[in-house]
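All residue numbers for the sequence shown refer to my numbering, where the first residue is 2 and numbers rise by one.
The beta carbon of each residue, even a glycine, is placed where N, CA and C say it ideally should be.
Predicted model, so just to flag it, every value in this text is computed and none were measured.
A short write-up of the structure that comes next.
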Amino acid sequence: MSTTRRRFLRTLGGSGSLLFGLPALADQATVQTLLSKVKVSSVDKVRIGLIGAGIIGHYDTETALKVPGVELVAVCDLYQGRLDRAKEKWGNQLFTTRNYKELLARKDIDAVLVCVCDHWHDHISIDALNAGKHVYCEKPMVHHVDEGLAVVAAQKASGKTLQVGSQSASSVLFLEAQKYLKQGIIGPLAYAEAYTDRNSANGAWQYTIPSDASPKTIDWDMFLGDAPKVPFDPVRFFRWRNYKAYGTGVAGDLFVHNFTGLHTVTGSLGPKQVYAVGALNYWKDGRDAYDIVTGLMQYPATDQHNAFQFFTRVNLADGAGGGSGTRFIGTEGVIEVKGNSIVIKHFKRPVAPSIGGYDSLESFPKAMQQSLLDDYNAKYSADDRKMKMGDEIVFESPKGYDARLDHMINFFESVRTGKPALEDAAFGLRAAAPALLCNVSSDLKRAVDWDPVAMKLV
Ligand SMILES: NC(=O)c1ccc[n+]([C@@H]2O[C@H](COP(=O)([O-])OP(=O)(O)OC[C@H]3O[C@@H](n4cnc5c(N)ncnc54)[C@H](O)[C@@H]3O)[C@@H](O)[C@H]2O)c1
Numbered sequence: 002m003s004t005t006r007r008r009f010l011r012t013l014g015g016s017g018s019l020l021f022g023l024p025a026l027a028d029q030a031t032v033q034t035l036l037s038k039v040k041v042s043s044v045d046k047v048r049i050g051l052i053g054a055g056i057i058g059h060y061d062t063e064t065a066l067k068v069p070g071v072e073l074v075a076v077c078d079l080y081q082g083r084l085d086r087a088k089e090k091w092g093n094q095l096f097t098t099r100n101y102k103e104l105l106a107r108k109d110i111d112a113v114l115v116c117v118c119d120h121w122h123d124h125i126s127i128d129a130l131n132a133g134k135h136v137y138c139e140k141p142m143v144h145h146v147d148e149g150l151a152v153v154a155a156q157k158a159s160g161k162t163l164q165v166g167s168q169s170a171s172s173v174l175f176l177e178a179q180k181y182l183k184q185g186i187i188g189p190l191a192y193a194e195a196y197t198d199r200n201s202a203n204g205a206w207q208y209t210i211p212s213d214a215s216p217k218t219i220d221w222d223m224f225l226g227d228a229p230k231v232p233f234d235p236v237r238f239f240r241w242r243n244y245k246a247y248g249t250g251v252a253g254d255l256f257v258h259n260f261t262g263l264h265t266v267t268g269s270l271g272p273k274q275v276y277a278v279g280a281l282n283y284w285k286d287g288r289d290a291y292d293i294v295t296g297l298m299q300y301p302a303t304d305q306h307n308a309f310q311f312f313t314r315v316n317l318a319d320g321a322g323g324g325s326g327t328r329f330i331g332t333e334g335v336i337e338v339k340g341n342s343i344v345i346k347h348f349k350r351p352v353a354p355s356i357g358g359y360d361s362l363e364s365f366p367k368a369m370q371q372s373l374l375d376d377y378n379a380k381y382s383a384d385d386r387k388m389k390m391g392d393e394i395v396f397e398s399p400k401g402y403d404a405r406l407d408h409m410i411n412f413f414e415s416v417r418t419g420k421p422a423l424e425d426a427a428f429g430l431r432a433a434a435p436a437l438l439c440n441v442s443s444d445l446k447r448a449v450d451w452d453p454v455a456m457k458l459v
């Protein structure tokens, strides 16, 4: 099999191997970055506020500030050290507060980045939309499935943009995989699988805790929000992901990326049945969240795709060294998205059935064997008997490619033009729900039925 190697820049096209007379995709001559397409005039300035200035708050803000015309006005966080750090990094002119409602009340803010713990996502997103702000809310959109429809309704009622921050929806890799799947190059999808395995303490969310953490430097009551009241605990505050009261575990936190990629590529709305097994194998540091979960789902046939299965796994103590990847397996090939590339292998089965080799032929009397072989040879040409291998196609994203930047560009494009967000609240709920239902299924030790169209438990 020969290999066709292509390098994407950010605007895609790409024809790939057209061995089997499949329709050509757009030509890949125009390779520009999405960034270079952003057109901004002075009236298009978008002023943002950051709510939740922790780890991803920094990544998201720095990425947003790379988009022309975006300006940071205010930062809200519950830990004083993070407000101090925000001023240190982005300037003393910043308005800072521990109360997000003060930030939302400001007239000079058009959009907010909601980068707080999962149990605050729905409350802050809804309050922000009701206050007339556009919202970029980190994934998973909600902490529990039954909170989702209220966010969908708030977005609709507000007329503002809400984009959920699972950046695979804007990734060139997944968008290219989408084109190939639609083109039918791997035949009908039989199953897909995605895994995210990790092997370090940081990967298992044992993040560094500052030495000045105390009820004075942290607004503990606000952090707890709708979670059960417990005494101040800096471990819970800085490593909240490990506790079900604030986080969504490995399934909510990481499967959601896998579902976003899967739904982007297939156009699917979600599975109808979710089954998962979760366990706490290794990181027994007081957490109540699982550190390994495997999910298995049945996706129903829709106008977009045939019925298929999806398997997904996260293991936070992976002795094989960790890694992540997604494979879409059709009846005639596979599309693998891994690291900064996608690899497509495909073939066409022979027209002729097989005969001989590991077969029943040898068990028949000689005369019968000869008669069957004579019939076969008369019926099928040499070409009919060949498995036709397509060229292996490899796409690589450009060095330093960042799907988060494309996702942010898509968000601000929607804010500026009113175009629908790529990953709106309904998409966000449909990606979050099966991930969260993996927790429910693990806890209940049984399958859970889901209606992906109505976005409701059955
Ligand atoms: N898209 C991605 O690739 C990606 C990557 C990492 C994290 N995330 C998501 O981002 C979110 C934040 O994760 P993180 O790792 O940055 O956590 P973090 O603990 O580092 O930061 C969260 C911050 O939110 C603040 N906060 C919590 N409740 C608040 C409230 N009511 N008002 C104001 N501030 C509040 C906390 O003070 C904390 O500083 C999570 O939902 C996570 O799933 C997304």
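What residue range does the alpha helix (DSSP H) around residue i cover?
| i | result |
| --- | --- |
| residue 417 | 404-418 |
| residue 221 | 221-225 |
| residue 236 | 235-239 |
| residue 64 | 56-65 |
So for residue i, helix, strand or coil by DSSP?
| i | result |
| --- | --- |
| residue 139 | coil |
| residue 376 | helix |
| residue 328 | strand |
| residue 24 | Reliability of the predicted coordinates at residue 24 is poor, the pLDDT of 33 falling under 50, and the value obtained from them is presented with this limitation in mind. If DSSP states are grouped into helix, strand and coil, residue 24 belongs with coil. |
| residue 162 | coil |
| residue 389 | strand |
| residue 30 | Here the model assigns residue 30 a pLDDT of 31, short of 50, so the residue's position is not dependable, and the following value carries that caveat. Residue 30 falls in the coil class under three-state DSSP. |
| residue 91 | helix |
| residue 382 | coil |
| residue 299 | strand |
| residue 439 | helix |
| residue 458 | strand |
| residue 80 | strand |
| residue 276 | strand |
| residue 445 | helix |
| residue 316 | strand |
| residue 362 | helix |
| residue 218 | coil |
| residue 112 | strand |
| residue 1 | For the chain, the structure presents residues 2 to 459; residue 1 sits outside this window and is missing. |
| residue 310 | strand |
| residue 48 | strand |
| residue 271 | coil |
Quick one: is the Cβ of residue i within less than 7 angstroms of any heavy atom of ligand 1?
| i | result |
| --- | --- |
| residue 221 | no |
| residue 226 | yes |
| residue 79 | yes |
| residue 55 | yes |
| residue 146 | no |
| residue 118 | yes |
| residue 127 | no |
| residue 167 | yes |
| residue 291 | no |
Starting from residue i and walking both ways along the beta strand (DSSP E), at which residues does that stretch end?
| i | result |
| --- | --- |
| residue 256 | From DSSP, residue 256 is part of no beta strand (DSSP E); its letter is neither H nor E. |
| residue 452 | 449-452 |
| residue 347 | 342-349 |
| residue 356 | Counting along the chain, residue 356 falls outside any beta strand (DSSP E), and DSSP gives it neither H nor E. |
Any chance the CB of residue i is under 7 angstroms from a heavy atom of ligand 2?
| i | result |
| --- | --- |
| residue 407 | In the structure shown, ligand 2 is absent; the only ligands present are ligand 1. |
* Any 3 or more C-beta pairs closer than 8 angstroms across the segment 291-302 and the segment 313-324 -> yes
* Are the segment 114-132 and the segment 146-159 touching by the rule of at least three beta carbon pairs closer than 8 angstroms? -> Contact between the segment 114-132 and the segment 146-159 is present, with at least three C-beta pairs closer than 8 angstroms.
* To do: Write down every uninterrupted run of the alpha helix (DSSP H) in the segment 164-215 whose length is 4 residues or greater and which is fully enclosed by it, in chain order.
  => 173-184
* Contact between the segment 427-435 and the segment 129-145 (3+ Cβ pairs under 8 angstroms) -> Counting C-beta pairs closer than 8 angstroms gives three or more between the segment 427-435 and the segment 129-145, which meets the contact rule.
* Quick check: the segment 392-403 against the segment 206-226, are there 3 or more CB pairs under 8 angstroms? -> By the Cβ criterion, the segment 392-403 is not in contact with the segment 206-226, since fewer than three pairs of Cβ atoms, one from each stretch, lie closer than 8 angstroms.
* Cβ contact (3+ pairs, closer than 8 angstroms) linking the segment 316-323 and the segment 331-343 -> Result no; under three Cβ-Cβ pairs closer than 8 angstroms.
* Asked: Okay, do the segment 163-182 and the segment 348-360 touch, 3+ Cβ pairs below 8 angstroms being the bar?
  -> no
* Between the segment 111-121 and the segment 131-141, do at least 3 Cβ pairs fall closer than 8 angstroms? -> In short, these stretches touch, since the Cβ pair count reaches three.
* Contact between the segment 162-171 and the segment 404-415 (3+ Cβ pairs under 8 angstroms) -> yes
* Are the segment 187-201 and the segment 242-262 in contact at 8 angstroms, needing three or more beta carbon pairs? -> Using a Cβ-Cβ distance cut-off of 8 angstroms, the segment 187-201 and the segment 242-262 are in contact, since at least three pairs of beta carbons, one from each stretch, lie closer than that value.
* the segment 275-283 in contact with the segment 445-459 per 3-pair CB rule at 8 angstroms -> Using a Cβ-Cβ distance cut-off of 8 angstroms, the segment 275-283 and the segment 445-459 are in contact, since at least three pairs of beta carbons, one from each stretch, lie closer than that value.
* For the segment 44-57 and the segment 97-112, state whether three or more C-beta atom pairs, one from each stretch, are separated by less than 8 angstroms. => With the cut-off at 8 angstroms, the segment 44-57 and the segment 97-112 touch.
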